[in-house]
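Student:
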Amino acid sequence: MFRQLSAVLLTVLFSCLSLVSQASVLDTLPSDSKVRLFAIHGSNTIGEELAPNLLQKWFRDAGLSQVRIEPTGVENERLISGRHEKLRTRVEVLVAAHGSGTGYRSLLDGSGDIAASSRPIKDKEYDLLKPVADMRSFATEHVVAIDGLAVIVHPDNPISELSVDQIAAIFSGAVQDWSELGGFRGAIHLHARDDKSGTWDSFKSMVLDDQPLAANALRYESTAELSDAVAAQPGAIGFVGLSSVRSAKAIAVYDGTSRAMLPNKLTVATEDYALARRLFLYTRAQVKPAVEEFIQFALADAGQQIVADTGFVSQEVMAVLPEFYHELPQEFRQLTEDAQRLTLNFRFEQGSARLDNKGLKDLQRLVRYLEAQPQAELVLVGFGDPKKTENRSQLLSKLRAMSVRRELVREGIYPQASVGFGDDLLVASVEGEDGRLKNRRVEVWVRTPGAQIAPPATQPVMNNLAGAE
């Protein structure tokens, strides 16, 4: 009862604060004029559809009329605008989608207020922006959506799965014919994003590492153009964000000894899928009121619905019955019997038991979810990477689950169980630090008496989400 009452009070408080912020932004605008609220620079993956869609919904919810997208005359730049009828003022936001790196530079030179990025900030960018803000703090780094790099081929290609290493060999030029991978005899034609794209940066980091891209690869600034080119060429292969799979065929991907997974709502939302990635909005420490209001909107339920409608995976917490497979330990099967898995994983800062920024936000989302499910029985399952001994790996994985449990107890929520399974069920290679960090996770399972169990989440996410075309 206390938890439910607290949730109601917090909802009312946040609603009131949102209204105050909205009024302060709109009421101080000059009348009979045109006002640019702020500028978003960076990722084409975010700027092509997601940012404009979020801005249009935000404007409409604020009561603006004549909301539309206007060209600027510059390729991949648009103005999203609306009219404040009472003040007779036109309000606009610039979205300049020239690649993630340009977003960070805009924060540095002052031309942008929000940096949209389809990859985490690099160390050198972080160092350059230190005079502006700590760009890895909870106040400045915001995960707006989860995306996945879908590896796509022509719909008639018989290849259904590839390892990360095989994909690297293809795009580096080491493998040049499909017959070398068990497919038909024919040349492989490469299609890749351009150097300014965060999608390319993510692919290079997650797949190619230090290997160069083959010189004969065709390069694109637009994800949609790349996908359409792959779908039209039988020997083609490319990589895109999930919202841009379009008419091409996505294949299952595995990393190291992990299971091959197609990107679906569960595998991408939990970041278990080998090529899942976070989409970020970065801001300065001190921001304009309109920027603060927009960020809060994008992270809230209304904004996350737009994320889903646009073809990405939202961070709304949902219960899903996953696809079980024979590799699952018997104890794990017994623990999760008649339970559903939630569409989030808790992950941690490097070398720390502290939740990362997304984990801190997801903790708030989980609390709200459980307030609406007071009968739910919660099970926390920790995993990790291999250590010198199996016992140590299992101990560390249980400590991670206990760390999440302590945070929940502070909110008045008491999980039924908190266990660790060590390095069972790896989701990434253990050869690099990124993979080890990905394996260090806490899954969340719920068992609700009398609840209907949803079907397994086995369908590719791009076939389920509105806006994927």
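Mapping of the sequence shown onto mature numbering (1 follows the signal peptide of the UniProt record, and there is no 0): residues -23 to -1, 1 to 446, in sequence order. For each residue, glycine too, the CB sits at the ideal point set by N, CA and C. For clarity, every value in this text was computed on a predicted model and none was experimentally measured.
Which stretch, first to last residue, makes up the alpha helix (DSSP H) that contains residue 422?
Tutor: Working through the sequence shown from its first residue, we reach residue 422 at position 445. First-last for residue 422: 418 to 424, but that is the beta strand (DSSP E), not the alpha helix (DSSP H).
Student: What's the C-alpha gap between residue 426 and residue 344?
Tutor: Along the sequence shown, read from residue 1 onward, the residue named residue 426 stands at position 449. Along the sequence shown, read from residue 1 onward, the residue named residue 344 stands at position 367. Roughly 19 angstroms between the two C-alpha positions.
Student: Using a Cβ-Cβ distance cut-off of 8 angstroms, determine whether residue 156 contacts chain C.
Tutor: Annotation note: the requested chain C is absent from the structure, which comprises a single protein chain.
Student: In angstroms, rounded to a whole number, what distance separates the CA positions of residue 33 and residue 201?
Tutor: The residue you call residue 33 lines up with position 56 of the sequence shown. The residue you call residue 201 lines up with position 224 of the sequence shown. Their backbone Cα atoms lie some 21 angstroms apart in a straight line.
Student: Evaluate the contact criterion for the segment 234 to 249 versus the segment 88 to 101: three or more CB pairs, one atom per stretch, below 8 angstroms.
Tutor: With a cut-off of 8 angstroms, the segment 88 to 101 and the segment 234 to 249 do not count as touching, because too few Cβ pairs lie within range.
Student: What's the call for residue 22, buried or exposed, on a 16-neighbour Cβ count within 10 Å?
Tutor: Counting from 1 along the sequence shown, the entry for residue 22 is found at position 45. Classification for residue 22: buried.
Student: Could you tell me the distance, in whole angstroms, from the CA atom of residue 290 to the CA atom of residue 347?
Tutor: Numbered from 1 along the sequence shown, position 313 holds the residue referred to as residue 290. Numbered from 1 along the sequence shown, position 370 holds the residue referred to as residue 347. Residue 290 and residue 347: Cα-Cα distance of roughly 21 angstroms.
Student: Within 10 angstroms of its Cβ, does residue 1 collect 16 or more other Cβ (buried), or is it exposed?
Tutor: Counting from one through the sequence shown, the residue named residue 1 turns up at place 24. Interpretation of residue 1 is limited by its pLDDT of 42, a score under 50 that renders its predicted location unreliable; the figure taken from the coordinates is listed afterwards. Its Cβ having fewer than 16 others within 10 Å, residue 1 is exposed.
Student: Of the residues 49, 31, 406, 115, which one's Cα is nearest the Cα of residue 140?
Tutor: Taking the first residue of the sequence shown as position 1, residue 140 is located at position 163. Nearest option by C-alpha distance: 406.
Student: Counting only the same chain and skipping the five closest in sequence on each side, list residues whose C-beta sits under 7 angstroms from that of residue 55.
Tutor: Along the sequence shown, one-based indexing puts residue 55 at 78. Excluding positions up to five away in sequence, the list reads 29, 46, 47, 48, 49, 72.
Student: If you reduce the DSSP assignment to three classes, tell me which class residue 25 lands in.
Tutor: Position 48 of the sequence shown, counting from 1, holds the residue named residue 25. DSSP places residue 25 in helix when its eight states are reduced to three.
Student: Can you name, in chain order, every residue of its own chain whose Cβ lies under 8 angstroms from the Cβ of residue 107, other than the five neighbours on each side?
Tutor: The residue you call residue 107 lines up with position 130 of the sequence shown. Closer than 8 angstroms at Cβ, skipping near neighbours: no residue.
Student: Just curious, the beta strand (DSSP E) that residue 197 is in, first and last residue?
Tutor: In the sequence shown, residue 197 corresponds to position 220, counting from 1. Note, residue 197: beta strand (DSSP E), 195 to 197.
Student: Using the C-alpha atoms, what's the distance from residue 205 back to residue 416?
Tutor: As a first step, residue 416 must be located in the sequence shown, where it is residue number 439. As a first step, residue 205 must be located in the sequence shown, where it is residue number 228. Distance between the alpha carbons of residue 416 and residue 205 is about 34 angstroms.
Student: Using the Cα positions of residue 314 and residue 24, report the straight-line distance between them to the nearest angstrom.
Tutor: Translated into the one-based positions of the sequence shown, residue 314 becomes position 337. Translated into the one-based positions of the sequence shown, residue 24 becomes position 47. If you take the alpha carbons of residue 314 and residue 24, they lie about 42 angstroms apart.
Student: Keeping to the same chain, check which residues put their C-beta closer than 7 angstroms to that of residue -2; ignore five residues upstream and five downstream.
Tutor: In the sequence shown, counting from the first residue as 1, residue -2 sits at position 22. Interpretation of residue -2 is limited by its pLDDT of 47, a score under 50 that renders its predicted location unreliable; no figure is taken from the coordinates.
Student: Around the Cβ of residue 7, are there at least 16 other Cβ atoms within 10 angstroms (buried) or fewer (exposed)?
Tutor: In the sequence shown, the residue the question calls residue 7 occupies position 30. Burial call: exposed.
Student: Using CA atoms only, rank isn't needed, just tell me which of 369, 121, 158, 101 is closest to residue 142.
Tutor: Walking along the sequence shown from the start, residue 142 turns up at place 165. The candidate whose alpha carbon is nearest that of residue 142 is 158.
Student: How is the alpha helix (DSSP H) around residue 381 delimited, first residue to last?
Tutor: For the purposes of this step, residue 381 is taken as the residue at position 404 of the sequence shown. Unbroken alpha helix (DSSP H) run through residue 381: 367 to 387.
Student: Skipping 5 residues on each side, what residues in its chain have a beta carbon closer than 6 angstroms to that of residue 36?
Tutor: Here the question's residue 36 lines up with position 59 in the sequence shown. Correct list, in chain order: 44, 59.
Student: Going by alpha carbons, who is nearest to residue 408 out of 66, 144, 232?
Tutor: Looking up residue 408 in the sequence shown gives position 431. Nearest C-alpha to residue 408: 232.
Student: Along the beta strand (DSSP E) that carries residue 222, what are the first and last residues, could you check?
Tutor: Position 245 of the sequence shown, counted from the start, is the residue given in the question as residue 222. Per DSSP, residue 222 belongs to no beta strand (DSSP E) and is neither H nor E.
Student: Nearest-angstrom Cα distance between residue 334 and residue 127?
Tutor: Locating residue 334 in the sequence shown gives position 357, where the first residue counts as 1. Locating residue 127 in the sequence shown gives position 150, where the first residue counts as 1. Using only the alpha carbons, I get a separation of about 25 angstroms.
Student: Among 173, 119, 389, which residue has its Cα nearest to the Cα of residue 77?
Tutor: Working through the sequence shown from its first residue, we reach residue 77 at position 100. It is 173 whose Cα lies nearest to the Cα of residue 77.
Student: So what's residue -18 in DSSP terms, helix, strand or just coil?
Tutor: The residue you call residue -18 lines up with position 6 of the sequence shown. Confidence is the limiting factor: at residue -18 the pLDDT is only 46, short of 50, which leaves the residue's position unreliable and the question unanswerable from this model.
Student: Measure the Cβ-Cβ separation of residue 68 and residue 14 and say whether it is below 8 angstroms.
Tutor: Here residue 68 corresponds to residue number 91 of the sequence shown, with the count starting at 1. Here residue 14 corresponds to residue number 37 of the sequence shown, with the count starting at 1. A contact, by the Cβ cut-off of 8 angstroms.
Student: Only counting runs of 3 or more residues, tell me where the beta strand (DSSP E) segments fall wholly within the segment 215 to 256, in order along the chain.
Tutor: Taking only runs of at least 3 residues, the beta strand (DSSP E) segments lying wholly in the segment 215 to 256 are 229 to 231.
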